[in-house]
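Comments concern the structure below.
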Amino acid sequence: DELSFLDLGHMIITALLGILTAVRSIVPQLQNYHKLLLKFINVMHLMHSTTKGPYYNQINDTVDKVCSYYTKFSLVIIVFSCSMFNFIPFCNNLANVFIFKTENYTLGFSLYYQYPGIDPSYYFTTTSIYNFYLSYNCAIMVFGLDLILFLIIFQIIGHVYILRYNLENFRWPKNKVVFKLGDILKYKMNESITSEMFDAEENKQVHFKLAECIEHHKEIIGFTDELSALFGPILACTYLFHLVGCSLLLLECSEGGYGAMLRYGPLTVLIYGQLIQMSVIFEMLGSETEKLPDSAYFLPWECMDTSNRRTACIMLHKMQDKISLKALGLAAVGVSTMTGILKTTFSYYA
59 DELSFLDLGH MIITALLGIL TAVRSIVPQL QNYHKLLLKF INVMHLMHST
109 TKGPYYNQIN DTVDKVCSYY TKFSLVIIVF SCSMFNFIPF CNNLANVFIF
159 KTENYTLGFS LYYQYPGIDP SYYFTTTSIY NFYLSYNCAI MVFGLDLILF
209 LIIFQIIGHV YILRYNLENF RWPKNKVVFK LGDILKYKMN ESITSEMFDA
259 EENKQVHFKL AECIEHHKEI IGFTDELSAL FGPILACTYL FHLVGCSLLL
309 LECSEGGYGA MLRYGPLTVL IYGQLIQMSV IFEMLGSETE KLPDSAYFLP
359 WECMDTSNRR TACIMLHKMQ DKISLKALGL AAVGVSTMTG ILKTTFSYYA
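Take 59 as the starting number for the sequence shown in our numbering and just add one per residue.
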């Protein structure tokens, strides 16, 4: 009854961001979060694999560069959006009070909260600084936590590249074996065929290499499952926020004027960017793991003995499943979910 339509939209956006911040602030307090990060740094990070070969070192350097550029880009966007959201009301107040000296002007703030026994309009400077602090907290919880998640996903994609490389560049037999067709078909034939086959010593090495690839694949799946269990509920809450908040941000931007665009424009770009980046990065992980069965079939399985062929067959079967993260174990995080949210968002806005 007291707020205008667009002011009410602003209040709902800040309330939703406050709820999302409160929910996400629980994650760093969880013991599983600490264990996951320790495992990521001490076990899963590609820097531990650089001594295994030149390709390992190359992938580590590439992923390091991607992570570095992505982190810098994200931090610039976060700081710019946070600053603009707080700077525009501050400039409006300075212009109306000290320059234009507007009568009966009501001070504007980036966040409107009531405090027991304190009127924020009497403490303009203190309230503005505190509002910027709250905005900074929100940015770190909402986007900083996602940044950590994305950096982990980049490392997992690097592991998938290494696993595919090991499968596609598997060793081949050194020697050729001659088979007499008469012995194989039990007919009196003098013809023979030549084929590449692993000898007994090579089959032992092949068995060790297959076990190494299977263990690497299990490690990737296990870590991704732990990641999905921890961040799944958070991703579901984020999708829910996008479903409602994105349409409201578009509404606030449509108010018109440079003030509204400078205040809500960077925040809108950041929120939409978060949705798109999250979906595309997880889709990249899924698309790379979908190539694993083809890479596993490149193995020279026809040159192995029966035992190693069975092992290769089991590995090929295990790699049919796509590795992906799910929000609450229900909706897969990817481009299809993002498309559905964007369609719904534009419908709500219209």
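Note that beta-carbon positions come from the ideal geometry of N, C-alpha and C, so glycine has one too.
Being a predicted model, the structure only gives us computed values, none of them experimental.
Spatial distance of residue i from residue j (CA atoms)
{"i": "residue 200", "j": "residue 84", "result": "12 Å"}
{"i": "residue 256", "j": "residue 129", "result": "47 Å"}
{"i": "residue 304", "j": "residue 322", "result": "11 Å"}
{"i": "residue 171", "j": "residue 178", "result": "8 Å"}
{"i": "residue 215", "j": "residue 390", "result": "17 Å"}
{"i": "residue 143", "j": "residue 131", "result": "18 Å"}
{"i": "residue 405", "j": "residue 298", "result": "15 Å"}
{"i": "residue 343", "j": "residue 382", "result": "7 Å"}
{"i": "residue 368", "j": "residue 357", "result": "13 Å"}
{"i": "residue 115", "j": "residue 366", "result": "29 Å"}
{"i": "residue 320", "j": "residue 68", "result": "14 Å"}
{"i": "residue 273", "j": "residue 235", "result": "31 Å"}
{"i": "residue 213", "j": "residue 290", "result": "19 Å"}
{"i": "residue 184", "j": "residue 148", "result": "12 Å"}
{"i": "residue 261", "j": "residue 117", "result": "29 Å"}
CB-CB length for residue i against residue j, believed under 8 Å
{"i": "residue 307", "j": "residue 71", "result": "7 Å"}
{"i": "residue 141", "j": "residue 168", "result": "Not really, about 10 Å apart at Cβ, beyond 8 Å."}
{"i": "residue 402", "j": "residue 301", "result": "6 Å"}
{"i": "residue 157", "j": "residue 331", "result": "Actually they do not touch by this definition, with Cβ atoms about 34 Å apart."}
{"i": "residue 341", "j": "residue 264", "result": "Actually they are not in contact, since the Cβ atoms of residue 341 and residue 264 sit about 34 Å apart, beyond 8 Å."}
{"i": "residue 104", "j": "residue 121", "result": "6 Å"}
{"i": "residue 378", "j": "residue 208", "result": "The pair is not a contact, with the Cβ atoms about 27 Å apart (cut-off 8 Å)."}
{"i": "residue 284", "j": "residue 94", "result": "6 Å"}
{"i": "residue 165", "j": "residue 145", "result": "In fact, because the Cβ distance is near 15 Å, the residues do not count as touching under 8 Å."}
{"i": "residue 278", "j": "residue 333", "result": "Residue 278 to residue 333, Cβ: 26 Å. No contact."}
{"i": "residue 288", "j": "residue 91", "result": "6 Å"}
Nearest residue (CA-CA) to residue i, options the options
{"i": "residue 329", "options": "126, 204, 61", "result": "204"}
{"i": "residue 270", "options": "228, 65, 294", "result": "228"}
{"i": "residue 276", "options": "221, 259, 151, 367", "result": "221"}
{"i": "residue 259", "options": "231, 252, 91, 273", "result": "231"}
{"i": "residue 280", "options": "262, 376, 189, 364", "result": "376"}
{"i": "residue 309", "options": "176, 112, 408", "result": "408"}
{"i": "residue 268", "options": "212, 290, 225", "result": "225"}
Reduced DSSP category for residue i - H, G, I as helix; E, B as strand; rest coil
{"i": "residue 62", "result": "coil"}
{"i": "residue 390", "result": "strand"}
{"i": "residue 310", "result": "helix"}
{"i": "residue 83", "result": "coil"}
{"i": "residue 353", "result": "helix"}
{"i": "residue 380", "result": "coil"}
{"i": "residue 234", "result": "strand"}
{"i": "residue 408", "result": "coil"}
{"i": "residue 326", "result": "helix"}
{"i": "residue 270", "result": "helix"}
{"i": "residue 284", "result": "helix"}
{"i": "residue 402", "result": "helix"}
{"i": "residue 369", "result": "helix"}
{"i": "residue 252", "result": "strand"}
CB contact check: residue i to chain B, cutoff 9 Å
{"i": "residue 67", "result": "In summary, chain B is missing from the structure at hand, where a single protein chain is found."}
Scan the segment 169-222 and note each continuous alpha helix (DSSP H) run of 4 residues or more that stays entirely inside, going in chain order. 182-197
Unbroken beta strand (DSSP E) runs of length 3 or more, entirely within the segment 83-159: which are they? The segment 83-159 contains no whole beta strand (DSSP E) run of 3 or more residues.
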